[in-house]
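Structure record follows, encoded as structure tokens.
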Amino acid sequence: MSLLEQMTELARRAKDASRTLADLSTAEKKQALLAMAEALEREAPALLEANARDLDTGRQLGLSAAMLDRLQLDDKRIAAMARGLREVAALPDPVGRVLDERTRPNGLRLQKVAVPIGVVVIIYESRPNVTADAAGLCFKSGNATILRGGKEALHSNRLIADTLVRAGLDSLGERFPEHAIQVVPTPDREAIPALLSLTQYVDLCMPRGGEGLIRAVAECSKVPVIKHYKGVCHVYVDREADPDMAEAIVMNAKCQRPAVCNAMETLLVDRPLAATFLPRIGARLAEKKVQLRADPEALAVLQGAVPKLPTEIRPATEQDWFTEYNDYILNVRVVDGVRAAVDHINHYGSAHSDSIVTRNETTAWRFLHGVDSAAVYWNASTRFTDGGEFGMGAEIGISTDKVGARGPMGLEELTSYKWIGLGSGQVRI
40 MSLLEQMTEL ARRAKDASRT LADLSTAEKK QALLAMAEAL EREAPALLEA
90 NARDLDTGRQ LGLSAAMLDR LQLDDKRIAA MARGLREVAA LPDPVGRVLD
140 ERTRPNGLRL QKVAVPIGVV VIIYESRPNV TADAAGLCFK SGNATILRGG
190 KEALHSNRLI ADTLVRAGLD SLGERFPEHA IQVVPTPDRE AIPALLSLTQ
240 YVDLCMPRGG EGLIRAVAEC SKVPVIKHYK GVCHVYVDRE ADPDMAEAIV
290 MNAKCQRPAV CNAMETLLVD RPLAATFLPR IGARLAEKKV QLRADPEALA
340 VLQGAVPKLP TEIRPATEQD WFTEYNDYIL NVRVVDGVRA AVDHINHYGS
390 AHSDSIVTRN ETTAWRFLHG VDSAAVYWNA STRFTDGGEF GMGAEIGIST
440 DKVGARGPMG LEELTSYKWI GLGSGQVRI
């Protein structure tokens, strides 16, 4: 079979499975998801073995330490995948919700009802936990999913998907559509445009990864794409910030997991606070070996106060302010007040996640209203932009689009709707 024929068969099976999925009851979906969670925990040793092979591949490909961290599974992350499936199982079923209802003067009743999208393609890099998260959310919302991870995670992704499907079949028998969860079996890059040309079978694509991957998918796809290109996230430390709180938020936003899209890439510090806060946070960041790219004012403060800062620090270029590093690298700029911070973020940011640290409520609301991003925070880390943290269960992705879903996407964002008309013989005059 040609590559296009392989992808066509994959997508055709997914479309057939999506119709069977749409008929499953809430109880059946819950039963299958709980069985999937148990299966992941049971298969943990095999998953770790498969993941070890992928980590070897990642090292051979020259992945950074941060990217290898995204690729790695351990007992804690496997348990988190299982927990995510259980949380999704416990959530209300998004299918069948009546979103709107009205009765026209002629007596015709109209209902706007949530329905599954159909077939959803997920394209992602490195993180094998996405396989379980995406499959669980799509299954609960009645969508068949086709998963295409990176070649560095192929063994982990295949085994996770196989484990979920086997658990579903064991739980529901013939009621479970075995092609509801499929992994693209080839690492060939040409599989992506081939798959995304199949508008008769595929309803939606959601890419998750770096800007290069997402732009390549959006440019080649003939089906709708929900996306965010990159996560250039900011924390602004206002002149009225609590320094201890600001330090904790900055360290969490940058260093907890620097390779994820909601990690901070630029720190903005209000001018009256710069002389005291920058040396303090610079020393803490140096402990984590974070390289700094600073504007002239921040550079002078940092180098003057800590002349032997044990990390790389250099002047920031114009391109640095636009850059998502996904690594232990941070831009630092001194700004003159909240208006300047908002202007910087709206110019250089990616409309993903941005935060202000301040005691002043008026200043906070100027920031929250002024920053044009999918998620904005007051006195909290940008790392909370996540479906699980938002109470959505596992996350399917994050969108910075303004039409359709925006921000973290969970079950409700994986549904469309249709209008149902309930009449008693009405005809249009």
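My numbering puts the sequence shown at residues 40 to 468. Every residue, glycine too, gets a C-beta built ideally from N, C-alpha and C. Since we're looking at a predicted model, the values are computed, not measured.
Have a look at Ala-313 and Val-373 and give me their C-alpha separation to the nearest angstrom. Numbered from its first residue, the sequence shown carries residue 313 at position 274. Numbered from its first residue, the sequence shown carries residue 373 at position 334. A direct Cα-Cα distance of roughly 7 Å separates Ala-313 from Val-373.
Span of the beta strand (DSSP E) around Met-303: Position 264 of the sequence shown holds residue 303. Where Met-303 is concerned, the enclosing beta strand (DSSP E) stretches over 303–309.
Quick check on this structure: which residue in Asp-62, Ser-412 and Thr-59 has the alpha carbon closest to the alpha carbon of His-270? Walking along the sequence shown from the start, residue 270 turns up at place 231. Note that residue 270 is Gly in the sequence shown here, rather than His. Nearest option by C-alpha distance: Ser-412.
Less than 8 Å between C-beta atoms, sequence neighbours within five positions excluded: which residues of the same chain meet that for Leu-124? The residue you call residue 124 lines up with position 85 of the sequence shown. Answer for Leu-124: Leu-72, Leu-73, Met-75, Ala-76, Leu-79, Ala-171, Gly-175 and Ala-433, listed in chain order.
Leaving out five residues on either side along the sequence, give the residues of the same chain with a beta carbon under 8 Å from the beta carbon of Gln-70. The residue you call residue 70 lines up with position 31 of the sequence shown. So the qualifying residues of the chain are Ser-210 and Leu-211.
Spatial neighbours of Val-222 in its chain, beta-carbon cut-off 7 Å, leaving aside the 5 residues before and after: Position 183 of the sequence shown holds residue 222. Non-local beta-carbon contacts of Val-222 in its own chain, meaning distances under 7 Å to residues more than five positions away in sequence, involve Leu-186, Asn-196, Arg-197 and Ala-200 in chain order.
Backbone CA spacing between Arg-81 and Ile-220 [nearest angstrom]: For this step, residue 81 is matched to residue 42 along the sequence shown. For this step, residue 220 is matched to residue 181 along the sequence shown. For Arg-81 and Ile-220, the distance between alpha carbons rounds to 19 Å.
If we ignore side chains and look at the alpha-carbon of each, how far apart do Ser-41 and Ala-230 end up? For the purposes of this step, residue 41 is taken as the residue at position 2 of the sequence shown. For the purposes of this step, residue 230 is taken as the residue at position 191 of the sequence shown. Distance between the alpha carbons of Ser-41 and Ala-230 is about 10 Å.
Residues near Ala-153 in its chain [Cβ-Cβ closer than 7 Å; skip 5 each side]: Position 114 of the sequence shown, counted from the first residue, corresponds to residue 153. Contacts found: Pro-133, Val-134, Gly-135, Arg-136, Leu-138, Thr-454 and Tyr-456.
Cα-Cα separation, Ala-337 to Val-262: By 1-based counting over the sequence shown, the position of residue 337 is 298. By 1-based counting over the sequence shown, the position of residue 262 is 223. Using only the alpha carbons, I get a separation of about 45 Å.
The stretch 290–302 contacting the stretch 352–367, beta-carbon criterion three pairs below 8 Å: By the Cβ criterion, the stretch 290–302 is in contact with the stretch 352–367, since at least three pairs of Cβ atoms, one from each stretch, lie closer than 8 Å.
Based on Cα-Cα distance, which residue from Arg-98, Val-159, Gly-101 and Asn-90 lies nearest to Leu-450? Indexing the sequence shown from 1 puts residue 450 at position 411. When the alpha-carbon of Leu-450 is set against those of Arg-98, Val-159, Gly-101 and Asn-90, the nearest one is in Val-159.
Between Ala-53, Gly-146 and Val-127, which lies nearest to Val-466 when the distance is taken from Cα to Cα? As a working note, residue 466 is residue 427 in the sequence shown. That would be Gly-146, whose Cα lies nearest to the Cα of Val-466.
Segment limits, beta strand (DSSP E) that includes Tyr-275: For the purposes of this step, residue 275 is taken as residue 236 along the sequence shown, with counting starting at 1. Where Tyr-275 is concerned, the enclosing beta strand (DSSP E) stretches over 272–276.
Could you spell out where the alpha helix (DSSP H) holding Lys-69 opens and where it closes? Translated into the one-based positions of the sequence shown, residue 69 becomes position 30. Membership of Lys-69 in the alpha helix (DSSP H) is indicated by the continuous run 65–81.
Of the choices Asp-382, Asp-55, Ser-64 and Gly-427, whose alpha-carbon is the least far from that of His-408? The residue given as residue 408 occupies position 369 in the sequence shown. The residue from Asp-382, Asp-55, Ser-64 and Gly-427 with its alpha-carbon nearest to that of His-408 is Asp-382.
Quick one: complete beta strand (DSSP E) runs, 3+ long, within the stretch 137–206? Within the stretch 137–206, the complete beta strand (DSSP E) runs of at least 3 residues are 137–142, 148–155, 158–163 and 183–187.
Measure from the alpha carbon of Ala-419 to the alpha carbon of each residue in Ala-403, Arg-310 and Ala-344, then state which is nearest. For the purposes of this step, residue 419 is taken as residue 380 along the sequence shown, with counting starting at 1. Ranking the options by Cα distance to Ala-419, first place goes to Ala-403.
What does the alpha-carbon distance come out to for the pair Leu-331 and Cys-272? Counting from 1 along the sequence shown, the entry for residue 331 is found at position 292. Counting from 1 along the sequence shown, the entry for residue 272 is found at position 233. Going by the C-alpha atoms only, they are around 15 Å apart.
Please list the terminal residues of the continuous alpha helix (DSSP H) segment that includes Ser-57. Position 18 of the sequence shown, counted from the start, is the residue given in the question as residue 57. Per DSSP, Ser-57 belongs to the alpha helix (DSSP H) from 42–60.
Closest Cβ-Cβ distance between Asp-242 and chain D: below 8 Å? Of the protein chains in the structure, only one exists, and it is not chain D.
Taking its Cβ as the centre, do 16 or more other Cβ atoms sit within 10 Å of Ala-56, making it buried, or is it exposed? Translated into the one-based positions of the sequence shown, residue 56 becomes position 17. Note on Ala-56: 16 or more other CB atoms within 10 angstroms of its CB, so buried under the neighbour-count rule.
Leaving out five residues on either side along the sequence, give the residues of the same chain with a beta carbon under 7 Å from the beta carbon of Pro-297. Within the sequence shown, numbered from 1, the residue matching residue 297 stands at position 258. Only Ala-105, Asn-365, Asp-366 and Tyr-367 meet the Cβ criterion.
When you compare each of Thr-424, Val-340 and Tyr-275 to Val-396 by their alpha carbons, which one comes out closest? For the purposes of this step, residue 396 is identified with residue 357 of the sequence shown, where counting begins at 1. Checking every option, the nearest Cα to that of Val-396 belongs to Tyr-275.
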